[in-house]
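Before any comments, here is the structure.
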Amino acid sequence: MQYQFNEIEAKWQKYWAENKTFQAINHSEKPKYYVLDMFPYPSGAGLHVGHPLGYIASDIYSRYKRHKGFNVLHPQGYDSFGLPAEQYAIQTGQHPALTTEENIKTYRRQLDQIGFSFDWSREVRTSDPSYYKWTQWIFIQLFESWYNNDSNKAEEISTLINIFTLEGNANVNAVCDDNIDPFTAEDWNNFSSKKQQEILLQYRLTYLAETEVNWCPALGTVLANDEIINGVSERGGHSVIRKKMTQWSMRISAYAERLLQGLDSIDWNDSLKESQKNWIGKSVGASVTFNVLPNVVAERSRSEHDVISTTLNHQIEVFTTRPDTIFGVSFMTLAPEHELVSQIVTDEQKAEVEAYILATSKRSERDRMADVKTISGAFTGAYAEHPFSKEPIPIWIGDYVLAGYGTGAVMSVPCGDQRDYDFAKHFSIPIPNIFEGVDITEEAYASKDNVVIANSDFLSGLNYKKASKLAIYELEKLGQGEGKTNYRLRDAVFSRQRYWGEPFPVYYVNGMPQMIDKAHLPIRLPGVEKYLPTETGEPPLGRADVWAWDTKQCSVVSNQLIDNETVFPLELNTMPGWAGSSWYFFRYMDAQNNLDFASEEALKYWENVDLYIGGSEHATGHLLYSRFWVKFMKDRGFVGIEEPFKKLINQGMILGTSAFAYRLSYMFANPKEEEKTNAKLLKKLENIYISHSEFSSKGDLKSNKLYLKELKVKLAKIAGLQDADALENLMIVPLPIHVKVQYVNASDELDIEGLKKDGEFGEDYKSAIFIGEKGEIIEGDNDVYKVGREVEKMSKSKYNVVNPDSICEQYGADSLRLYEMFLGPLEQYKPWNTAGITGVHGFLKKLWKLYVGENGLNVNDTEPTKDNLKTLHKTIKKVEEDIENFSFNTSVSTFMIAVNELTAQKCTSKQVLEPLLVLLSPYAPHIAEELYNKLGHNESISTAEFPIFDASHLVESSKNYPISFNGKMRFTLELPMDMSKEDIEATVMAHEKTQEQLQGRTPKKVIIVPGKIVNIVG
RNA sequence: GCUGAAGUGGUGGAAUUGGUAGACACGUUGGACUUAAAAUCCAAUGUCCAUUAGGACGUACGGGUUCAAGUCCCGUCUUCAGUACCA
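Just so we're aligned, residue 1 is where the first sequence starts under the UniProt record's numbering, counting upward by one.
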């Protein structure tokens, strides 16, 4: 009986679905284990073989945990809001909900055929109103909260209002906007309702603020950095400028310290933690306030600076990690967008500064960060006053300072910071040296270690630590600074000017945002006739006709009814992709709940995700935002946990192996003329491809004269010429062209006939001529054409996409699962090459043959031999260790070795072959179920217990010692394990091969590591 | 630029705490079976030298530590990813 994988797999997938084999229950005697994959976005292209990699790994782990006696929650769902569906809607006019539904269907079909043990009864979709109802609800909770630094947690906003009513804001220690004016209780109680709302907005965890965005006037929309290529929009190539816009923000900065500290309590890999640490970017230093001198001062001589003392208009606040270098400041640099710039710029400098600001607004933030070679800036004409020396310091603007980072201003210390140094050099600004015995003629000295401050008044002679402390102390005395801890982490923009996202449960009264009561959620996405921004640049929701809130009826009504009395306009932005994905792991615990986002019992039982598998590209987005929301929800008592993901594994990406055919292209030394005269000739040579080794083995076409000559003779023949003379001056360049990988076999040979029949490109190759490996023009099978290979990202445009459907059809899901694992370590990037799958497929056939012979089952009750047991137990040991270490690739090899050995041993013992199936079942569940069933079981193999390792079967009595000389292995020697060091040395030294190696020399030293190695030195 | 990751045969990769480099596969070559193909099975396969025995070299590159380095240390190069509105 043959291994009929298609039948077997369909049978068991049906069985699992019908018997709800993998449905998790919310209460159990067994310990719980929660395995989660990162939320997939259902793209229109469907799955390619790269996508299931992480799902296969998590599925193996889930199935393993079930064998180990755990109640496993392993759900799946869709992050179904997003840009691609919207883009498609813009192009086709189809509602994104429809295309999303279609895409999900495809995804589900593809996932099902791979045989995952998901509990589909808990599926969630972020775009489903019954789901985003709760996303809206969480948003409202954030709005109704503030962060109290004294209790170090988020509290309900009512507690803040209480304080304001009783004592004003003087003693409030909150994370809030900068520059909040102080007020008393009396002030508060006398403020208008609008004023009160404005003030509260400065404290709320989600708030409206002006934020810089990439605005594309031509498209009338905001673009992600991602959508901007070389400063223009990816779509259409329109120019993009930086623009300020009022948007919802999330006060994630309130949680900076907790997000940082929390990393110590979770089992994530170090590089991921490092990424988050750097993203949060904690730095300890000081904030320093510089007074800006009135304009007149600029014209005064330096000696008169003491005259001015009274009317100081403006202040510049900077943050520095090096307060010790404050005497090294020789200029200030503001971000061009800094609000002070327009106020302090002098008339003479105005034109230059404005031109510079305009130029900067066209550069993206990433551009400005990455480009350190081009130094640019402009002098404002204004001066600040040094807090200690009272010297005037010129104020510049420069695009290396970013408005969104810190205060958007820096005190520039060129001797201690390379970028300040380069800027100073470029604009001939003095570079005072404040380090003792350090040469700064070539570059800045940025190290904090081993520095002694010099030329710095009261700081001279001190080291970094002492000088910093003293500088802060003196600044505090002056009231011009204080010690401060700064975080790079910025508050997260939460508005998107898009259609396909969660609508905000927000309407506006008198310009102030109001939350819609929980009872009326969800606020559903309205219909629009077009998914583009409006002509006036409003988001797509600006096109909705029924998008106003009636406060009396508590429902969404027509815009025409807006009277700003009882009917008000609704928010036009929608929420970003990370809104729905920041809490979905809770919804899986209790996905059908209509009363709550999840019941208390479910939350308490499942706690947090024990194992989370996904890509490292989420390191600083999703993984930080969800940690933030979970901490917030914990503070407000909605959940009981502080961290959502206990253990996290980043799977690497599977890359494509692209295939290239090489089309000959031609150039003449004198192109204009010769191309004309030879146009006819070239036409005949238009569509010729040469095989990969045809040129690579012979080197570069242009330089190898002999080969070129040969080729030209061939070309002459094709063109119907007598000889190759006419091609004398022709330069030939092989141009690599992507060909679809499905037409290439395991030996890199191109299926020319298939290619010519291709529905999409067949026509292009109809008249093509292929020159094969032996240099012959291919007609029939006289020669073969080999493609070139290159590893690239798997993508449609590179024609290297491999679809799991065709793999499942041809080799089966079990082969796909095994091969994905066999490719290499889970966390590593590795190329996919379908050719190799025959290896694992062959293994499954061998496995089948081990159990099922031509005349039925090969398994019986024979007692296992010593060798049988040894093979089994070393496999148990290795596979268990591998799964625990997420080293799935090595398990697959282990299975191969086990089957090879048991086949050679002609093993038929059920005592050995049955446990082997359980070991294999997480990896190749269908074949394992089928064979387990054949062994006489009526229950699913997923209920079987994981085999227990018995070390006694692996005890060895002897060891094949490698005998090395000066570290080089020369021969091996079989010696008993229990032999003493002395005896080993004596036996080895007496051995004839040792004598041969030494050739009479006496060794200086003999190193013996029992059970490991013998090394003879000398 | 900054931050993170990775470089081992023709290819994917393996190698507990430093202890026989290349397991397991793919590919290639040769052979068996077959009218033939497919499937299956057997053998060889890091590079170079040598008829054999054997030897030299070899884990991106350059140094170092050690009896012994793919593994540890210092420096360099290359590739990939993230870089705040792709998800």
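From the three backbone atoms N, C-alpha and C, an ideal C-beta is built for every residue, glycine too.
In this structure, does DSSP put residue i in helix, strand or coil?
i: Ile375; result: coil
i: Asn1015; result: strand
i: Asp59; result: helix
i: Ser121; result: helix
i: Leu685; result: coil
i: Arg302; result: Because the pLDDT of Arg302 is 42, which lies under 50, any placement of that residue in the model is unreliable, and the number read from its coordinates should be weighed accordingly. Note: Arg302 maps to helix in three-state DSSP.
i: Pro392; result: strand
i: Cys907; result: coil
i: Asn291; result: strand
i: Glu884; result: helix
i: Trp248; result: strand
i: Lys14; result: helix
i: Phe331; result: strand
i: Arg66; result: helix
i: Ser309; result: Residue placement at Ser309 is flagged as unreliable, the pLDDT there being 40, under the threshold of 50; the coordinate-derived value follows with that caveat. If DSSP states are grouped into helix, strand and coil, Ser309 belongs with coil.
Just the Cα atoms here: how many angstroms apart are residue i and residue j?
i: Pro40; j: Leu293; result: 56 Å
i: Arg108; j: Gly812; result: 17 Å
i: Val879; j: Thr865; result: 21 Å
i: Lys20; j: Ser942; result: 12 Å
i: Trp549; j: Gln514; result: 10 Å
i: Tyr485; j: Ile440; result: With the sequence shown as reference, residue 485 is identified as Thr, and Tyr is not the correct amino acid for it. Rounded to the nearest angstrom, the two C-alpha atoms are 29 Å apart.
i: Lys350; j: Gly408; result: 20 Å
i: Leu219; j: Glu227; result: 12 Å
i: Val802; j: Val49; result: 6 Å
i: Lys32; j: Lys846; result: 36 Å
i: Lys11; j: Tyr588; result: 28 Å
i: residue 1031; j: Met821; result: The question about residue 1031 has no answer, for the chain in this structure spans 1 to 1018.
i: Lys469; j: Gly479; result: 15 Å
i: Ala492; j: Gly281; result: 15 Å
i: Asn6; j: Thr972; result: 48 Å
i: Asn855; j: Gln4; result: 16 Å
i: Ile690; j: Asp751; result: 14 Å
i: Ile25; j: Asn71; result: 8 Å
i: Lys830; j: Val172; result: 54 Å
i: Phe761; j: Gln76; result: 37 Å
i: Met369; j: Thr620; result: 18 Å
If residue i sits next to residue j, beta carbons under 8 Å apart, how far is it from one beta carbon to the other, in whole angstroms?
i: Ile771; j: Lys714; result: 7 Å
i: Pro414; j: Ala444; result: 6 Å
i: Pro522; j: Tyr132; result: 6 Å
i: Lys471; j: Leu459; result: One point to set straight first is that residue 471 is Ala, not Lys, in the sequence displayed. With a Cβ gap of about 6 Å, Ala471 and Leu459 count as contacting.
i: residue 1063; j: Ile138; result: As shown, the chain starts at 1 and ends at 1018. That puts residue 1063 outside it, with no answer to give.
i: Tyr961; j: Val1017; result: Wrong, their Cβ atoms sit about 16 Å apart, outside the cutoff.
i: Leu205; j: Tyr147; result: 6 Å
Residues in its own chain within less than 7 Å of residue i by CB, not counting five upstream and five downstream?
i: Tyr255; result: Phe628, Lys631
i: Ser909; result: Thr862, Glu863, Pro864, Asn868
i: Gly537; result: Gly220
i: Ser599; result: Asp590, Asn593
i: Tyr487; result: Ser253, Ala256, Ile280, Gly281, Lys282
i: Pro569; result: Tyr507, Tyr508, Ala548, Ile562
i: Ile344; result: Val292, His314, Thr380, Ala382, Ile395
Confirm the yes/no value for this check: CB of residue i, any heavy atom of the ligand FAD, distance under 6 Å.
i: Tyr3; result: This structure lacks the ligand FAD; in fact it carries no ligand of any kind.
Excluding five sequence neighbours on each side, which residues of the same chain lie with their C-beta closer than 8 Å to the C-beta of residue i?
i: Tyr421; result: Pro414, Cys415, Ile431, Ile440, Glu443, Ala444
For residue i, I'd like the list of residues in its chain whose CB is within less than 6 Å of its CB, leaving aside the five on either flank, ordered along the chain.
i: Lys634; result: Glu642
i: Glu385; result: Asn291, Leu293
i: Phe164; result: Trp188
Is the region 179-191 in contact with the region 663-683, if contact means three or more CB pairs nearer than 8 Å? Cβ pair count under 8 Å is below three, so no.
Touch check for the region 49-57 and the region 624-639: three-plus C-beta pairs under 8 Å? With fewer than three CB-CB distances shorter than 8 Å, the region 49-57 does not count as touching the region 624-639.
Spell out a yes or no on whether the region 802-821 and the region 913-928 are touching, meaning 3 or more CB-CB pairs, one atom from each, closer than 8 Å. Counting C-beta pairs closer than 8 Å gives three or more between the region 802-821 and the region 913-928, which meets the contact rule.
I'd like to know if the region 391-411 and the region 314-326 are in contact, where contact means that at least 3 CB-CB pairs between them fall below 8 Å. With the rule of 3 Cβ pairs closer than 8 Å, the region 391-411 counts as touching the region 314-326.
For the pair the region 205-220 and the region 529-548, tell me if three or more CB-CB distances fall below 8 Å. Yes, the region 205-220 is in contact with the region 529-548.
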